[in-house]
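S.K.: So the sequence lines, in the order shown, correspond to chains A and B.
Each residue of the first sequence is one higher than the one before, counting from 923 in my numbering.
Each residue of the second sequence is one higher than the one before, counting from -13 in my numbering.
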Amino acid sequence: DAMVIQNPRYQVTQFGKPVTLSCSQTLNHNVMYWYQQKSSQAPKLLFHYYDKDFNNEADTPDNFQSRRPNTSFCFLDIRSPGLGDAAMYLCATSRDLGLGLAVQFFGPGTRLTVL
Amino acid sequence: GNSVTQMEGPVTLSEEAFLTINCTYTATGYPSLFWYVQYPGEGLQLLLKATKADDKGSNKGFEATYRKETTSFHLEKGSVQVSDSAVYFCALPMDSNYQLIWGAGTKLIIKP
Chain A
923 DAMVIQNPRY QVTQFGKPVT LSCSQTLNHN VMYWYQQKSS QAPKLLFHYY
973 DKDFNNEADT PDNFQSRRPN TSFCFLDIRS PGLGDAAMYL CATSRDLGLG
1023 LAVQFFGPGT RLTVL
Chain B
-13 GNSVTQMEGP VTLSEEAFLT INCTYTATGY PSLFWYVQYP GEGLQLLLKA
37 TKADDKGSNK GFEATYRKET TSFHLEKGSV QVSDSAVYFC ALPMDSNYQL
87 IWGAGTKLII KP
């Protein structure tokens, strides 16, 4: 089945220790998103790739970086995690056909704990 | 720009009760409207959508009608089950069409 996969599902890191979260998709979608979600609040968009073009949200801290080496994979790098970065990180994809449907498909998320 | 307002939770109901979760929006034109659901410990998944005025989206016994007169897209279900316990998000596209604006989410708790 076509899907969005996130690894790991649970990640524990120490304060200030870099961490990388990964996302892969078999949907061949051209847009990939990274969201941060805390305590069942609305997901907060960190950035997205439209094809190879990287789009950063204005309020995303510099501590967060992303890479998309190919259509299928996307990574979220947190360079120096702080306690406030503990959250669920959600990867999503969509196919933009210019039709305004904007249906996004989500992975199961990675729950990050910072000690 | 587009925006969405969703009723706050948590909403606690008994099994087999009728459910309504309110969602209203402001938008330029008539964008598609969505309800997503997030079960405990999982990512979000599309529950239903409507792409034009007066459309009714439906899935798993849930329904929502795109009403342009009242700029609303309320989620309803006639008889909820314990397994419906989750957080529900109303969403609509930004002007870019491929990014979404999210409501605050409504936590639904169904008691047996």
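Glycine included, every Cβ here is placed at the ideal spot set by N, Cα and C.
On a predicted model such as this, the values are computed, not experimentally measured, just so you know.
1) Below 8 Å on the Cβ atoms is my guess for residue 1012(A) versus residue 986(A); work out the distance and round it to an integer in Å.
2) Applying the 10 Å Cβ sphere with the 16-neighbour rule, what's the burial state of residue 50(B)?
3) What are the start and end residues of the beta strand (DSSP E) that includes residue 1033(A)?
4) What would DSSP say about residue 944(A), mapped onto helix, strand or coil?
5) Taking Cβ positions, are residue -5(B) and residue 94(B) nearer each other than 8 Å?
6) Is the number of C-beta pairs between the segment 64 to 71 of chain B and the segment 12 to 20 of chain B that are closer than 8 Å three or more?
7) Could one say the Cβ of residue 1028(A) lies closer than 8 Å to chain B's Cβ atoms, at least one of them?
8) For the beta strand (DSSP E) that contains residue 16(B), what are its first and last residues?
9) Out of 971(A), 1018(A), 1037(A) and 984(A), which has the shortest C-alpha to C-alpha gap to residue 1009(A)?
10) Do you know how far the Cα of residue 39(B) is from the Cα of residue 995(A)?
11) Within 10 angstroms of the Cβ of residue 936(A), are there 16 or more other Cβ atoms? Answer buried if so, exposed if not.
12) Along chain A, in chain order, which residues have C-beta atoms closer than 7 Å to that of residue 93(B)?
13) Can you check whether the C-beta of residue 88(B) is within less than 8 Å of a C-beta belonging to chain A?
14) Are the C-beta atoms of residue 930(A) and some chain B residue less than 8 Å apart?
M.R.: Let's see:
1) Wrong, their Cβ atoms sit about 14 Å apart, outside the cutoff.
2) buried
3) Segment 1032 to 1036, the beta strand (DSSP E) holding residue 1033(A).
4) strand
5) Contact flag set, yes.
6) no
7) yes
8) Premise fails: residue 16(B) is in no beta strand (DSSP E) and is neither H nor E.
9) Checking every option, the nearest Cα to that of residue 1009(A) belongs to 1037(A).
10) 36 Å
11) exposed
12) 962
13) Residue contact check for residue 88(B) against chain A: a CB pair falls below 8 Å.
14) Chain B, which has no Cβ nearer than 8 Å to the Cβ of residue 930(A), makes this no.
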